[in-house]
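The structure appears below as structure tokens.
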Amino acid sequence: MLFGEYSVLLGSKALVVPFERYSAQWSYAEKDDNSLNVSDYKARNNLKAYISHLLTVKNTNELLSFEDLEQELEKGLFFRSHIPQGYGAGSSGALVAALYDNFSSIKVDHDLQLLQQQLASLESFFHGNSSGLDPLACYLRAPILVDEFKQIHSAQLNLNNQNIYLIDSNLTAETGPLVAYFRQQMHSYSFFKKVNGTLIPSVNNAVESLLSGDRSGFFTALEKISQFQFDHLKPMIPENLSKQWISGLESKEYFMKLCGSGGGGYILLFSKNSTAVLQHFKMDEIVPLQNS
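What follows is the structure, encoded as structure tokens:
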């Protein structure tokens, strides 16, 4: 999620782009589960647990053909993913998108609103509460825009040569507890007022400016988002990146923000030029964000 983490739950705009650096695909155990390596063995067991959970969720039998799915599981099906988990890189979204693509009973690609809702219900197992946007972007393989009226649109967005980077914190984090923390904070009227008065307008302005090519307006909004997250969402910011976060706010040469729920994994960095990034980070710590 490029913009809208947390705030989209309260009505802000959101912008999600598929991350094409990593891949994942369905695969099968050649003989039995014991023939799998540790990573694939874990992936197969996780898939079994996920399917068992979905069987207990109301209405999922209307979304997926469990008969076909269970037949494939008997044949040794598992989801081989190279997407790091707990990194905000869409690992659960990729699985949900693949599951829907291959085993949905009735596809509703013509209705993005309904498709988002269905994917959200399938992804809730992983986060407790899902917007459905990550799997939607994975499924459509295109940027997704949520407008202020919660309507879903496919967006035209070229990220190449925009000096947008992913910074590896070398930490992992679970989304569920962080979302719960944010919801708990929302019970404070002071925090609620700041979210609605500062964060949501800034997110909306950042999305609008990025899509329209207003670079000045974009960085103005981005600075406000970065400052808000640093001041009010400290548990979501990896401690080992806090100094660089502050340096960006002070120099105004670049700004950092959460990528997804935060807490670890990747952090987004938007720079006014590539030179500023290399002054603060090593080459093996940064990943340019691009799309095809």
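Heads up: the sequence shown begins at 408 in this note's numbering, then just goes up one per residue.
Ideal Cβ placement from N, Cα and C applies to all residues, glycine included.
DSSP bridge partner residues for residue i (one or two, in chain order)
i: H560; result: L552
i: D621; result: The partner list for D621 (beta bridge, DSSP) is empty, contrary to what the question assumes.
i: Y435; result: L484
i: Y661; result: S678
i: I644; result: Answer by DSSP bridge pairing: none, since I644 is not bridged.
i: F532; result: DSSP, once it has assigned bridges, lists no residue as partnering F532.
i: F410; result: L422
i: Y448; result: DSSP lists no partner for Y448.
i: L526; result: Looking at the DSSP assignment, L526 forms no beta bridge with any residue, so it has no partner.
i: S511; result: L471
i: V694; result: L573
CA-to-CA distance, residue j to residue i, given in whole angstroms
i: E692; j: Q523; result: 33 angstroms
i: S609; j: N577; result: 28 angstroms
i: K455; j: K514; result: 23 angstroms
i: K650; j: H687; result: 10 angstroms
i: N441; j: A683; result: 49 angstroms
i: L521; j: Q558; result: 11 angstroms
i: E437; j: L585; result: 38 angstroms
i: E660; j: D638; result: 19 angstroms
i: L695; j: G624; result: It is worth fixing the name first, because residue 695 is Pro in this sequence and not Leu. Rounded to the nearest angstrom, the two C-alpha atoms are 22 angstroms apart.
i: Q591; j: K641; result: 14 angstroms
i: E615; j: I632; result: 14 angstroms
i: E555; j: R487; result: 36 angstroms
i: G604; j: D475; result: 49 angstroms
i: D508; j: R548; result: 12 angstroms
i: H489; j: Y596; result: 42 angstroms
i: D447; j: R622; result: 44 angstroms
i: L519; j: Q634; result: 33 angstroms
i: M408; j: K449; result: 26 angstroms
Top-ranked residue by Cα proximity to residue i, from the options
i: V424; options: S511, Q520, N567 and L506; result: N567
i: E657; options: E630, M643 and L665; result: E630
i: V445; options: G418, F485, S419 and N466; result: F485
i: N565; options: L519, G620, L676 and V586; result: G620
i: H560; options: N680, D516 and N603; result: D516
i: I574; options: D508, Q697, I653 and K689; result: K689
i: L480; options: T467, S459 and S488; result: S459
i: M643; options: R428, Q697, E581 and A628; result: E581
i: P491; options: F510, F426 and D439; result: F426
i: P645; options: L519, V464, Y673 and Q432; result: Y673
i: L443; options: S430, K465 and G483; result: G483
i: F510; options: K465, R622, W433 and Q636; result: W433
i: S430; options: K465, C545, D439 and Q478; result: C545
Neighbourhood of residue i by C-beta distance below 7 angstroms, restricted to the same chain and skipping five residues each side
i: V415; result: A421, S538 and V553
i: V503; result: L526, L529, E530 and P542
i: F589; result: Y413
i: Y457; result: F532
i: G512; result: First, the amino acid is wrong: residue 512 is Ser here, not Gly. Counting only Cβ-Cβ distances below 7 angstroms, and skipping sequence neighbours, we find E469, L470, L471 and S472.
i: A613; result: F410, F625, A628, L629 and I632
i: L676; result: Y572, I574, Y661, M663 and V684
i: R428; result: V694
Other residues of its chain near residue i: CB distance less than 6 angstroms, five sequence neighbours each side excluded
i: T579; result: G493 and G671
i: D541; result: G497 and G500
i: M593; result: F599
i: A505; result: none
i: N570; result: S678 and S681
i: T467; result: L461
i: L617; result: F625
Residues near residue i in its chain [Cβ-Cβ closer than 8 angstroms; skip 5 each side]
i: S654; result: H687
i: I392; result: Residue coverage of the chain in this structure runs from 408 to 699, which leaves residue 392 outside it and unanswerable.
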